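S.K.: Numbered according to this note's numbering, the sequence shown spans residues 1137 to 1737.
Virtual Cβ for every residue (Gly too), placed ideally from N, Cα, C.
The structure presented is a predicted model; accordingly, all values stated were derived computationally and were not measured.
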Amino acid sequence: MSTAAWMTSITLLAATLMFTLNRWPMEIVALGSAFALVVVGVISPDQMISGFSSPTVILIASLLIVAEALDATGVTAWVSGIIDSSAGNSRSRALVLTMTVAALMGTVITATGATAALVPSAVKVCQRMGMTPSRMLMPLAFAAKVGPLLILVGSPINIMIAHAIGNTTGMTVGFFTFGILGAPLLLATVVITSVLVWLLPPRRSVSQSADLSSHGETLAQHYGLDHVFHLRPTKSSPLVGARISDQAIRADRIKLIPSARGGPTLAARFDRTITEGELLTVIGDRSSIESYAQKNALEIVDQHSGSEPLKNFLNVQGGIVEVMIPPRSRYVHQEVNAGQRLLETDVVVLAAHRLDHEIHLPAKLNVGDTLLVEGSWDSLEATSANPDVLLVDAPSEVRRQTVKLGRGSGRAIAIAVTMVALMATALLTPAVAGILAAIMVILTGVIAPEDAYRRVQWGTVFLIAGILPMSTAVEQSGLADVIAGTIVDAVGRLGPAAILAVIFVVGMLLTQVLTGIPATLIMIPITLSVAKTVGVSPVPLLMGVLIGCSAAFLTPVAAPANAIIMGPGGYRFMDYLKLGLPVTIVFFLAAVIYTPLFWPF
1137 MSTAAWMTSI
1147 TLLAATLMFT
1157 LNRWPMEIVA
1167 LGSAFALVVV
1177 GVISPDQMIS
1187 GFSSPTVILI
1197 ASLLIVAEAL
1207 DATGVTAWVS
1217 GIIDSSAGNS
1227 RSRALVLTMT
1237 VAALMGTVIT
1247 ATGATAALVP
1257 SAVKVCQRMG
1267 MTPSRMLMPL
1277 AFAAKVGPLL
1287 ILVGSPINIM
1297 IAHAIGNTTG
1307 MTVGFFTFGI
1317 LGAPLLLATV
1327 VITSVLVWLL
1337 PPRRSVSQSA
1347 DLSSHGETLA
1357 QHYGLDHVFH
1367 LRPTKSSPLV
1377 GARISDQAIR
1387 ADRIKLIPSA
1397 RGGPTLAARF
1407 DRTITEGELL
1417 TVIGDRSSIE
1427 SYAQKNALEI
1437 VDQHSGSEPL
1447 KNFLNVQGGI
1457 VEVMIPPRSR
1467 YVHQEVNAGQ
1477 RLLETDVVVL
1487 AAHRLDHEIH
1497 LPAKLNVGDT
1507 LLVEGSWDSL
1517 EATSANPDVL
1527 LVDAPSEVRR
1537 QTVKLGRGSG
1547 RAIAIAVTMV
1557 ALMATALLTP
1567 AVAGILAAIM
1577 VILTGVIAPE
1587 DAYRRVQWGT
1597 VFLIAGILPM
1607 STAVEQSGLA
1617 DVIAGTIVDA
1627 VGRLGPAAIL
1637 AVIFVVGMLL
1647 TQVLTGIPAT
1657 LIMIPITLSV
1667 AKTVGVSPVP
1677 LLMGVLIGCS
1687 AAFLTPVAAP
1697 ANAIIMGPGG
1707 YRFMDYLKLG
1717 LPVTIVFFLA
1727 AVIYTPLFWP
1737 F
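(1) Within the 8 Å Cβ cut-off, does GLY1283 reach chain B?
(2) State buried or exposed for MET1296, treating a residue as buried only when at least 16 other CB atoms are found within 10 Å of its CB.
(3) Taking the straight line between their C-alpha atoms, what separation do you get for ALA1655 and VAL1641?
(4) Pull up the distance between the alpha-carbon of ALA1140 and that of GLY1621, whole angstroms please.
(5) Give the C-beta separation of VAL1670 and ILE1639 to the nearest angstrom, bearing in mind that I take them to be a contact with Cβ-Cβ under 8 Å.
(6) Counting Cβ pairs, one atom from each stretch, are 3 or more of them under 8 Å apart for the segment 1162-1169 and the segment 1587-1603?
(7) Does the segment 1518-1534 come close enough to the segment 1451-1469 that 3 or more CB-CB pairs lie under 8 Å?
(8) Tell me the rounded alpha-carbon separation between THR1100 and LEU1646.
(9) Taking the Cβ atom as the reference point for each residue, do THR1720 and PRO1676 lie within a distance shorter than 8 Å?
(10) With DSSP as the reference, label ALA1727 as helix, strand or coil.
(11) Do ALA1548 and VAL1582 have their beta-carbon atoms positioned less than 8 Å apart in this structure?
(12) Quick one: measure Cβ to Cβ for LEU1332 and LEU1715, integer angstroms, because I've assumed they're closer than 8 Å.
(13) Between which two residues does the alpha helix (DSSP H) containing GLY1703 stretch?
(14) Can you round the beta-carbon distance between ALA1247 and ALA1695 to whole angstroms, since I take them to be within the 8 Å contact cut?
(15) DSSP three-state label for THR1663, please.
(16) Among LEU1733, PRO1704, PHE1723, SER1138, which residue has its Cα nearest to the Cα of LYS1281?
(17) Taking all protein chains shown into account, decide if GLY1442 is buried (16 or more other Cβ within 10 angstroms of its Cβ) or exposed.
(18) So, for VAL1193: in the same chain, excluding its five sequence neighbours on each side, which residues have a beta-carbon less than 7 Å away from its beta-carbon?
(19) On the DSSP bridge list, what partners appear for VAL1472?
(20) Assign GLU1458 to one of two classes, buried (16 or more other C-beta atoms within 10 Å of its C-beta) or exposed (fewer than that).
(21) For SER1607, collect the residues of the same chain with a Cβ closer than 7 Å to its Cβ; drop the 5 residues on either side in sequence, then sort them by chain order.
(22) Which complete beta strand (DSSP E) runs does the segment 1161-1245 hold, if anything under 3 residues is left out?
(23) If you pair each beta-carbon of the segment 1553-1572 with each one of the segment 1193-1202, do three or more pairs fall below 8 Å?
(24) According to DSSP, which residues form a beta bridge with ILE1683?
(25) For ALA1637 and GLY1684, I'd like the C-alpha separation in whole angstroms.
(26) According to DSSP, which residues form a beta bridge with ALA1488?
(27) At what residues does the alpha helix (DSSP H) containing LEU1579 begin and finish?
(28) When you compare only the Cα positions, how much space is there between VAL1175 and SER1145?
(29) Would you kindly report the start and end of the unbroken beta strand (DSSP E) that includes VAL1418?
(30) When DSSP builds the beta bridges, which residues end up paired with GLY1454?
(31) If you drop the 5 nearest sequence neighbours on each side, which residues of the same chain put their C-beta closer than 8 Å to that of PRO1736?
(32) Checking the sheet assignment: what are the DSSP bridge partners for GLU1435?
(33) Kindly indicate the opening and closing residues of the alpha helix (DSSP H) around SER1330.
(34) What are the boundary residues of the alpha helix (DSSP H) that includes ARG1271?
(35) Find out if the Cβ-Cβ distance for the pair ALA1300, LEU1678 is shorter than 8 Å.
(36) So if DSSP puts LEU1392 in a beta bridge, which residue, or which two residues, is it bridged to?
Here it is in structure tokens:
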């Protein structure tokens, strides 16, 4: 073995050890390994930084931006709502449904795209069901990686193996040929992870946002809005044709609240004309409401505990949030009233709270008092820059968790579907299609550029970019040829099944460090060389490479999908072994026992 091969082997083993110890950031270990290979002369400086221009890295970054667009516009909240409603109160059903959706999406937009798109939805489902995301996200990523085995174009690995088979044997691989392996492997993965998912520790990510899915109900209970009514003006009501701002329609002890649906600004909402049959939301005690309704020919449609009416304030146009009065605020010792305009914006005060009790407005405010305010989303976002109030929850988080299919959702869905179509039809390469989609969600105003930059998990980008030069080193140093010769010498006399087993293990182990695509590129020439040497069909051996290099379950660097879930799931390096090892064993059995039944040696 050459000096370069020895240096590559030592670097590869050292990187694996440091990944396992989990004492240093993985992206630093990856970049340090690439730098070490430059220092010992195995790769050039240009090859070291070539990972940053890799289509894989570019695709990951662009898919994360598209996922942010889907999440910010409420599409992921909509998907999580579907899964949530279908699952009922069953965590197991929610897990299986999420994995099924991930697998199907993975066949079209790759495992990375499916994982990036579904992680926000899965986290929301976990929050609503009181389930830690660490027990949902890893099964999701595993299913997303197995799903592409169902069809020919499911992943680049499939295409590379199909090309190798065609070029070597002349055999045409059909669109669903790999599904012979993929379907039972997907079923086994779903069953195993559903049963063994409890091996994963219940961890909470430091980046995990609060559950705001029941935001309306929580605020209604906290602010004591126990008497919220919907009133409908009849044809004879004197309110029909009047404006909400008219003093004539006001009444003591009753709050008539102009919803953000009534217009983009506060003035427009107060100046809006009331029409016959529309629902008016009012707050007050029952006797006052009944008297007011009788006097003004209003039908009392319903009375709620406060949750449903407040949900009506969480819509595409605007919503409700809670703000706190900080020290040195100009509102300290100032009197405020319900319906009062706040901060010279289109934000309206609905209610106030002090310590453990509601404040009956009008009242003077103290430091630490909280206000329930309503307004357009843009106005609510603008309050974050005002030092006179402090937001309790970010309006952007409230909106994305409570407003399903909100503003810009149609554009986000159209762009995502177009991206999928371009990938599926091969009109554009996945990386180019991803870049185009990322550009479009910004140009069309779905998300702001700063939101796009924030969404990209830069640690993941540096991790993959740093590990890709290792693949170049393994091939360039001659280590790949050494491995091929070792396989033949070690198990060549034990028969093709033993060779297939070793090829699977080698491909699988390389995948855990180099990811599936580089490992496949390394294993294809090794496998063809082995098949020629021992005189067997290369097809079952190449299928073993396909299964082995798709078994990216044991490390967070084995696949981009694994890296994507690491932060949101709060995973550590060894967590992947706990759930990934049983799945990998099933993949091994499928490669050695199941594969030769369809593709004999």
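M.R.: The relevant details are as follows:
(1) The question asks about chain B, but that chain is absent: this structure has only one protein chain.
(2) buried
(3) 12 Å
(4) 17 Å
(5) The Cβ separation is near 11 Å, so there is no contact.
(6) yes
(7) yes
(8) No answer is possible for residue 1100: the residues shown for the chain start at 1137 and end at 1737.
(9) no
(10) helix
(11) yes
(12) 6 Å
(13) 1696-1705
(14) 7 Å
(15) helix
(16) PHE1723
(17) Note that GLY1442 scores 44 on pLDDT, short of 50, meaning its location in the model is unreliable; the coordinates nonetheless yield the value given after this. GLY1442 is buried by the Cβ-count criterion.
(18) GLY1187, VAL1597, ILE1600, ALA1601
(19) ALA1499
(20) buried
(21) LEU1650, PRO1654, LEU1657, ILE1658
(22) none
(23) yes
(24) For ILE1683, which the question treats as bridged, DSSP gives no partner whatsoever.
(25) 10 Å
(26) ILE1495, LEU1507
(27) 1566-1579
(28) 15 Å
(29) 1416-1420
(30) SER1512
(31) SER1673, PRO1676
(32) ARG1368
(33) 1315-1332
(34) Looking at the DSSP string, ARG1271 is not in any alpha helix (DSSP H), and its letter there is neither H nor E.
(35) yes
(36) VAL1418
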